[in-house]
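Chemist: I'd like to ask some things about the structure below.
Protein chains in written order, with my numbering: chain A, 1 to 381; chain L, 1 to 131.
Have a look at this one:
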C-alpha cells in the first residue's frame, strides 16, 4: 500500500468544443486541479500526461510556465491516462518526486475511430475488407458472453439508460438527456446486438490530477483520497482482444482480470470492500463484462444486479456514477483519468447532484482498450 | 477466377494461410514468424481447415471509414469468429447478413466474397439453415 494521494482534481467539460484545442482543454484541467489542491504550477516537481490524437502534453508548459519541470509524454492508446497515473505513482512511491501533475486529454472528429492496420501490426487487407472496427469486436464479445452467461438485451439497454440518467445529473457530462430503455433498444442497430445509444462516441475533454506523497499530502488543504494501488497489464496469449485476426482456442484471463486482481492485491483491499466503481463502458456490454472481469461480481450475476438497480446511484454498488463513457463520450487520453476524478469527488462527498449516498470510502476504476490493455486503481479515504 | 486481395493471407483455392509452431504446435492466423504462445521462431506455414463452427458473430450495419473499400453501394455484412477444431478461431466475413439466419455453434465452410478492385477475400458460409 502506498502513501500517495490525490490532492487535487480538475476537469474540462466533455463533449464538443469547436475552436478549443485539446491542449487548451488540458491547460484548463491542469489549472483547475492545481487550484483544487491549493497549489501553483511552480509547486509541481514532476508531470506526466498525454493524448491519443490531440498533441504532446508537455507543450502545455509554454502556457503553464517554463519551470524546468521534468514532463513525460504518454501515448499508450486507451491506457494513456492509466499509464500516466502509473508513471506518476511510481515516481512518487520511489521518492523521486513529491508533488506530481497527471493530465489526459483528447479531441476526436465525429464518427467511429478509423485506425490504420499497419500501425497495429496487421496487413492492410484487414482494414480494406471491413474487419478493423472496435464496434465489431465489442459486439462479438458481448454476443458470445450473453450466450454463455444468460445476459439479456434488456440488461444492455438498462446499462445505457443508467448512464444517461447519471449524465443528466453531472454538469461536466456530454449527454445530459435521460433516455428510456425503449428509446435505446429502438435506436439504429450498429453491430448486433448493440444499438446506437448503447455505444459511446469519440469526443473531447481533459482531466488533470495533482498527486502527492508523505508529508506533502497532509500539508495540502484538501481531504486526501489515497491512491492505494494502480496496476497496468497488456494481453496474454488466449485473451479475446480487439484487432485480432485470430484468437487461440485455449483461453486465459483478460488484461482487465489480471490488472484488477493485482490492484486489489497491492491495495490489500478486496472487490467486496468497494463502495463505488467506474469501469470501461465503451458500450453497454463492456460494462456488463468488466463488472465480472474485475471481480466486482460473478459472471452471470450482472443480469440480476443490473435489472434490480443495484448499479444505479443509490444502489448497493453504484457503477459509472458520472455517466461513464456512454454519457461523457470517449476522448481516449482523458477517459481513464475521468474515472479517477469521479471517484475522488465521490469519496470527498463533492459530487453534487450525482453524489452517491452513504459516504462511500472505497472506490475502484478500470480503463480498457485496444489492443488489449487495462489499467485499474483502488482509491480510499 | 478472381484473385485474392492479399495472397499472403489466402490461396486462390481458397485456403487460409496460417502458421504452426514446431515447438508447441500453436496455430496462428495469418502466418507469422514467431509463436505468440511460447516465443519460438521455429514456425512453419500451415493451411487451415476449411470447415468449423460459428463461435460468435455480428452484423456490420454502417459503412466503415477508410481504409475499408466497399465493392459497389454499401450493404450490411456479417462478421464472425469461426472455430476450426483443434486449430484456432479465425475472424472472418460471413456470406450471411441476416441476423435471424446466424446462430452460435452452426457449421460453416470457407468460401470467398467480392472485395475492392474485382478481387476476393475469404468468408465463411453457413452449412445449415439456422432458423
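For each residue, glycine too, the CB sits at the ideal point set by N, CA and C.
Which first and last residues belong to the beta strand (DSSP E) in which residue 60 of chain L is found?
Modeler: Residue 60 of chain L -> beta strand (DSSP E) spans 51-60.
Chemist: For residue 133 of chain A and chain L, any beta-carbon pair shorter than 8 angstroms?
Modeler: Taking Cβ atoms only, chain L reaches closer than 8 angstroms to residue 133 of chain A, which makes this a yes.
Chemist: Please state the DSSP three-state secondary structure of residue 92 of chain L.
Modeler: DSSP places residue 92 of chain L in strand when its eight states are reduced to three.
Chemist: Buried or exposed: residue 41 of chain L, going by 16 or more other Cβ atoms within 10 Å of its Cβ?
Modeler: Result: exposed.
Chemist: Using a Cβ-Cβ distance under 8 angstroms, would residue 34 of chain L count as near chain A?
Modeler: No - not a single Cβ of chain A is within 8 angstroms of the one on residue 34 of chain L.
Chemist: Measure the C-alpha to C-alpha separation of residue 267 of chain A and residue 377 of chain A and round it to an integer number of angstroms.
Modeler: One C-alpha to the other measures close to 9 angstroms.
Chemist: Please name the residue, chosen from A:61, A:288, A:4, that lies closest to residue 30 of chain A on a Cα-to-Cα basis.
Modeler: Checking every option, the nearest Cα to that of residue 30 of chain A belongs to A:61.
Chemist: Count the C-beta pairs between the segment 241-259 of chain A and the segment 348-363 of chain A that are closer than 8 angstroms, then say yes if the count reaches three, no if not.
Modeler: No contact exists between the segment 241-259 of chain A and the segment 348-363 of chain A.
Chemist: Can you tell me where the alpha helix (DSSP H) holding residue 138 of chain A begins and where it ends?
Modeler: Looking at the DSSP string, the run of the alpha helix (DSSP H) that includes residue 138 of chain A is 134-149.
Chemist: So what's residue 101 of chain L in DSSP terms, helix, strand or just coil?
Modeler: Looking at residue 101 of chain L - three-state DSSP - the assignment turns out to be helix.
Chemist: So that I know if they touch, is there some Cβ in chain D lying closer than 8 angstroms to that of residue 199 of chain A?
Modeler: The chain inventory of the structure shown lacks chain D, comprising the protein chains A and L.
Chemist: Using a C-beta cutoff of 8 angstroms, does residue 108 of chain L count as contacting chain A?
Modeler: Not one chain A Cβ lies under 8 angstroms of residue 108 of chain L.
Chemist: Return the residues of the segment 131-164 of chain A that lie within a Cβ-Cβ distance of less than 7 angstroms from chain L, sorted by chain order.
Modeler: The segment 131-164 of chain A vs chain L, Cβ under 7 angstroms: 131, 133, 136, 139, 140, 143, 144, 147.
Chemist: Mind listing the chain L neighbours of residue 247 of chain A? Cutoff is C-beta to C-beta under 9 angstroms, in chain order.
Modeler: Ordered by position in chain L, the residues that pass the 9 angstroms Cβ test against residue 247 of chain A are 55, 81, 88, 89, 90, 91.
Chemist: Could you pull the start and end residues of the alpha helix (DSSP H) that residue 303 of chain A belongs to?
Modeler: Note, residue 303 of chain A: alpha helix (DSSP H), 302-307.
Chemist: Check for me: the beta strand (DSSP E) holding residue 12 of chain A runs from which residue to which?
Modeler: Segment 4-15, the beta strand (DSSP E) holding residue 12 of chain A.
Chemist: Restricting to Cα atoms, I'd like to know which of A:183, A:103, A:256, A:276 is closest to residue 310 of chain A.
Modeler: Minimum Cα distance to residue 310 of chain A is reached at A:276.
Chemist: List the residues that DSSP assigns as beta-bridge partners of residue 232 of chain A.
Modeler: Residue 232 of chain A is bridged to A:375.
Chemist: Using the beta-carbon of each residue, which ones in chain L are nearer than 9 angstroms to residue 112 of chain A?
Modeler: Chain L residues near residue 112 of chain A: 62, 64, 65.
Chemist: By alpha-carbon positions, which one of A:40, A:54, A:47 ends up nearest to residue 22 of chain A?
Modeler: The option with the nearest alpha carbon to residue 22 of chain A is A:54.
Chemist: Does residue 116 of chain L get closer than 8 angstroms to chain A when you measure Cβ to Cβ?
Modeler: Yes, residue 116 of chain L counts as interfacial toward chain A.
Chemist: Quick one: does the C-beta of residue 114 of chain A sit closer than 7 angstroms to a heavy atom of the ligand FAD?
Modeler: Absence of the ligand FAD from the depicted structure is noted, as is the absence of any ligand whatsoever, leaving it without description.
Chemist: Of all the options A:96, A:367, A:80, which has the alpha carbon lying nearest to the alpha carbon of residue 214 of chain A?
Modeler: Checked all of A:96, A:367, A:80; the closest Cα to residue 214 of chain A is A:96.
Chemist: Roughly how far, in whole angstroms, is the beta-carbon of residue 75 of chain A from the beta-carbon of residue 204 of chain A, given that I think they are within contact range, below 8 angstroms?
Modeler: With a Cβ gap of about 17 angstroms, residue 75 of chain A and residue 204 of chain A do not count as contacting.
Chemist: Using the Cβ count rule (16 or more neighbours within 10 Å means buried), how would you classify residue 302 of chain A?
Modeler: It counts as buried.
Chemist: If contact means a Cβ-Cβ distance below 7 angstroms, which residues of the segment 188-215 of chain A contact chain L?
Modeler: If the cut-off is 7 angstroms between Cβ atoms, the segment 188-215 of chain A has 189, 190, 191, 192 near chain L.
Chemist: What is the residue span of the beta strand (DSSP E) that residue 255 of chain A lies within?
Modeler: Premise fails: residue 255 of chain A lies in the alpha helix (DSSP H), 255-267, not in any beta strand (DSSP E).
Chemist: Kindly indicate if chain L contains any beta-carbon less than 8 angstroms away from that of residue 285 of chain A.
Modeler: With 8 angstroms as the cut-off, residue 285 of chain A does not count as an interface residue toward chain L.
Chemist: Among residues of its own chain, excluding the 5 on either side of residue 89 of chain A, which ones have a beta-carbon nearer than 8 angstroms to its beta-carbon?
Modeler: So the qualifying residues of the chain are 2, 4, 211, 227, 230.
Chemist: Return no unless some Cβ of chain A is closer than 8 angstroms to the Cβ of residue 2 of chain L.
Modeler: Not one chain A Cβ lies under 8 angstroms of residue 2 of chain L.
Chemist: With the cut-off set at 8 angstroms, would you say residue 278 of chain A and residue 368 of chain A are in Cβ contact?
Modeler: It is not a contact, given that the beta carbons lie outside the stated cut-off.
Chemist: Nearest chain L C-beta to residue 127 of chain A closer than 8 angstroms, yes or no?
Modeler: Judged by the 8 angstroms Cβ criterion, residue 127 of chain A is in contact with chain L.
Chemist: Quick one: give me the first and last residue of the beta strand (DSSP E) that residue 46 of chain L is part of.
Modeler: 43-47 is the span of the beta strand (DSSP E), which, as asked, contains residue 46 of chain L.
Chemist: Who are the near neighbours of residue 44 of chain A in its chain, counting only those whose CB is closer than 8 angstroms to its CB and skipping five residues on each side?
Modeler: Here the set comprises 34, 67, 69, 99, 100, 101, 210.
Chemist: Strictly below 7 angstroms CB to CB, what residues from chain A border residue 6 of chain L?
Modeler: What residue 6 of chain L touches in chain A: 123, 125.
Chemist: Could you pull out every residue in the same chain whose Cβ sits closer than 6 angstroms to the Cβ of residue 223 of chain A, ignoring the five residues on either side in sequence?
Modeler: Counting only Cβ-Cβ distances below 6 angstroms, and skipping sequence neighbours, we find 348.
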